[in-house]
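Numbering-wise, the first sequence is residues 721 to 1140 according to this note's numbering.
All C-beta atoms, glycine included, are put in the ideal place defined by N, C-alpha and C.
So the structure is just underneath, and the comments pick up after that.
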Amino acid sequence: MKYARIKGTNDIYGEEMSYWYMIEESTRKIAKLFGYSEIRTPIIEPTELFVRSVGEETDIVQKEMYTFEDKGGRSITLRPEGTAPVVRAFIENSFINKGFPQRYFYIGPMFRYERPQKGRQRQFHQVGFELFGSESSLADAEVIYLAVKLLKEIGLTKFKVVINSIGCEKCRPQYREALKEYYAKHLDEVCDDCKRRYNTNILRLLDCKVDVEIADKAPRSIDYLCDECKEHYNNLKKYLKMLDVDFEEDHKLVRGLDYYNRTVFEIRHDLLGAQSAIAGGGRYDRLIEMMGGKSVSALGFAMGMERLIIAMKAENVKVPPALVNHVYIAHVGDVIEAALNIAEDLRRNNITVVFDVMERGLRAQLKHADRIGALLAIIVGENELSEDFVVVKDMESGEDSKVDINFVVDFVLDKLKEIM
RNA sequence: GUGGCCAUAGCUCAGCUGGUAGAGCGCCUGACUGUGGAUCAGGUGGUCGUGGGUUCGAAUCCCACUGGCCACCCCA
């Protein structure tokens, strides 16, 4: 093999494409229903953008970024996540002048240098939603509700929503202290990773898979929330119930990106393997100001498209084919102009027409028509044409019909309606 | 970055304790010079992931590397 894909990347084509179309179309549909407009940001950004927003100490920044120097000596990074670029665009283009709230969504590739495994690649794809300007729990509820609606739209049912609140800059320090105090007593019992994280990111000790029991008994962030955060969290739960969104509370849910505050949530799927989170997000009220903008409340989430597809397959979700070849046009002999005209007439009526460009015999043409799954084949031949008709073959039944050349479009439309 | 399993034809795989590569499917052609799917016949197809070592001889044993899958770490 001369050239091969870069490790952790994939070619997406054929049948597989139907899943991608399904997710993309559902995303646009739900976005439209909730009033979110699409934003497309560059795949490359200044390295500093992610270092500042995602957090210097996070694994993403420490070891997972695709970073390189361009010819002008600037440090460039392939985006590892979608929120920071949207926030950058928000600030850079003065979206703030458009009033609040503002709703955006994005779809696109992300890059993280990690060891590939099930549900994880180095180039992966996310759909994400961001809502700017509202501090109200109504916004949190809307975003979570929207995520659930989208998952249902693509046919998933076996997922659960998990929420937590990790407080704000006012109350989190106390909680952090409480955790430190608690874990200080257990430091000799926990695993090496936990010992390391005790200093780097104390919150992450909670979702350790080794020292589960110790984490279970650890202080809970919701017991340390200030009054505002507590009310915010309680309202969120109230609104989610109004919206009929089933959720679980998990006081051990914290998230790896530094910019979150208050609400954090995750949606997990049972049939997925180790990487069970198909969506994750939360509130990031301080991020925009931290990045040099005005103080603007915001929140959002992202879904991993590859993981959604794994979940769809695990749940046996039926997806419509990405491409249906309605009509194949076979031509034999000196009839090309007539055949081209028929193709044009059909396409003008939104019928997919595949035209023979190999100039092979009829047998080979029909074989190809069969292979590409054409519903109908139109045979344009010299004999028939001299009497102003063509043969339309139903590829499923094999039945041939003689059709007047002036009524081909009508006949095909009727026939397609009948068999589709 | 760490660990386990794996790598033979386009695909799925066989190849016993080392003796110089095979099947099924696919693809092409013909039977059928203007009617696909079925059948039959013929054909196409592999530096056995790469490099090194052991050996008279390596797809087979050993080492390294690369890649894949799964898990850890972390995350969508």
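Exercise for the section: Decide yes or no for the touch test of the segment 1034–1053 against the segment 732–745: beta carbon pairs closer than 8 Å, at least 3 of them. Expected result: yes
Practice task
Whole angstroms is fine: what's the gap from R924's alpha carbon to A935's?
Solution key: 10 Å
Exercise for the section: Could you tell me which residues DSSP pairs with D1114 in its beta bridges? Expected result: L1096
Exercise for the section: Name the one or two DSSP bridge partners that L1019 has. Expected result: L851 and R1003
Practice task
Evaluate the contact criterion for the segment 749–756 versus the segment 942–953: three or more CB pairs, one atom per stretch, below 8 Å.
Solution key: no
Handout entry: Cβ separation of V965 and V868, assumed to be a contact under 8 Å, to the nearest whole Å
Key = 6 Å
Handout entry: CB-CB length for L1096 against H1046, believed under 8 Å
Key = 7 Å
Exercise for the section: Look up A814 in the DSSP assignment and say whether it is helix, strand or coil. Expected result: The sequence shown places Ser at residue 814, rather than the Ala named in the question. Three-state result, S814: coil.
Practice task
State buried or exposed for P1143, treating a residue as buried only when at least 16 other CB atoms are found within 10 Å of its CB.
Solution key: One cannot answer for residue 1143 here, as it falls past the ends of the chain, which runs 721 to 1140.
Handout entry: Simplified DSSP assignment, three categories, for I827
Key = strand
Exercise for the section: Would you give the residue range spanned by the beta strand (DSSP E) that D1124 belongs to? Expected result: D1120 to D1124
Problem - C-beta atoms of V1110 and H1051 nearer than 7 Å - result: no
Practice task
Leaving out five residues on either side along the sequence, give the residues of the same chain with a beta carbon under 8 Å from the beta carbon of L887.
Solution key: It is Gly, not Leu, that sits at residue 887 in the sequence shown. Same-chain partners within the cutoff: Y895, S941, Y944, L945, C946, C949, N981 and R982.
Practice task
Please go through the same chain and pick out, in chain order, the residues whose beta-carbon is closer than 8 Å to the beta-carbon of M721, but skip the five residues on each side of it.
Solution key: Model confidence at M721 stands at a pLDDT of 48, short of 50, so the residue's coordinates are unreliable; what they give is reported in the following sentence. None.
Exercise for the section: Would you tell me roughly how many angstroms separate the C-alpha atoms of P821 and A999, rounded to the nearest one? Expected result: 23 Å
Practice task
Just the C-alpha distance for D860 and K727, rounded to the nearest angstrom, thanks.
Solution key: 37 Å
Problem - Endpoints, the beta strand (DSSP E) within which K937 is located - result: Unbroken run through K937: none, as it is neither H nor E.
Problem - Range covered by the beta strand (DSSP E) that runs through A695 - result: In the structure displayed, the chain extends from 721 to 1140; residue 695 sits before or after that span and is not available.
Exercise for the section: Decide if V1132 is buried, meaning its Cβ has at least 16 other Cβ atoms within 10 Å, or exposed. Expected result: buried
Exercise for the section: Compare the beta carbon distance of G1002 and V984 with 7 Å and say whether it is the shorter of the two. Expected result: yes
Handout entry: Rounded C-alpha distance that separates I759 from F825
Key = 6 Å
Exercise for the section: Express the C-alpha separation of A898 and F754 in angstroms, rounding to a whole number. Expected result: 40 Å
Handout entry: Exposure of Y723, with buried meaning 16 or more beta-carbon neighbours within 10 Å
Key = exposed
Exercise for the section: Compute the distance between the beta-carbons of Y918 and Y903, then report whether it is under 7 Å. Expected result: yes
Problem - N730 versus Q841: straight-line alpha-carbon distance, rounded - result: 8 Å
Handout entry: P766 in three-state terms, based on DSSP
Key = strand
Exercise for the section: Check the C-beta distance from A1063 over to I1049 and give it rounded, since I have them as a contact under 8 Å. Expected result: 5 Å
Practice task
Measure the CB-CB distance between V1055 and E1102 and report whether it falls below 7 Å.
Solution key: yes
Exercise for the section: Pick helix, strand or coil for M721, following the three-state DSSP scheme. Expected result: Its pLDDT being 48, under 50, M721 is placed unreliably in this model, and the coordinates cannot settle the point.
Handout entry: Contacting residues, own chain, Cβ-Cβ under 7 Å from D1090 (five flanking each side not counted)
Key = M1115
Handout entry: Proximity below 7 Å, CB of L1204 to CB of K972
Key = The structure shown does not extend to residue 1204, since the chain is modelled only from 721 to 1140, so the question has no answer here.
Practice task
Classify V1044 as helix, strand or coil using the three-state DSSP reduction.
Solution key: coil
Practice task
Taking all protein chains shown into account, decide if L992 is buried (16 or more other Cβ within 10 angstroms of its Cβ) or exposed.
Solution key: buried
Exercise for the section: Look up Q995 in the DSSP assignment and say whether it is helix, strand or coil. Expected result: coil
Problem - Cα-Cα separation between D970 and K1038, rounded to whole angstroms - result: 32 Å
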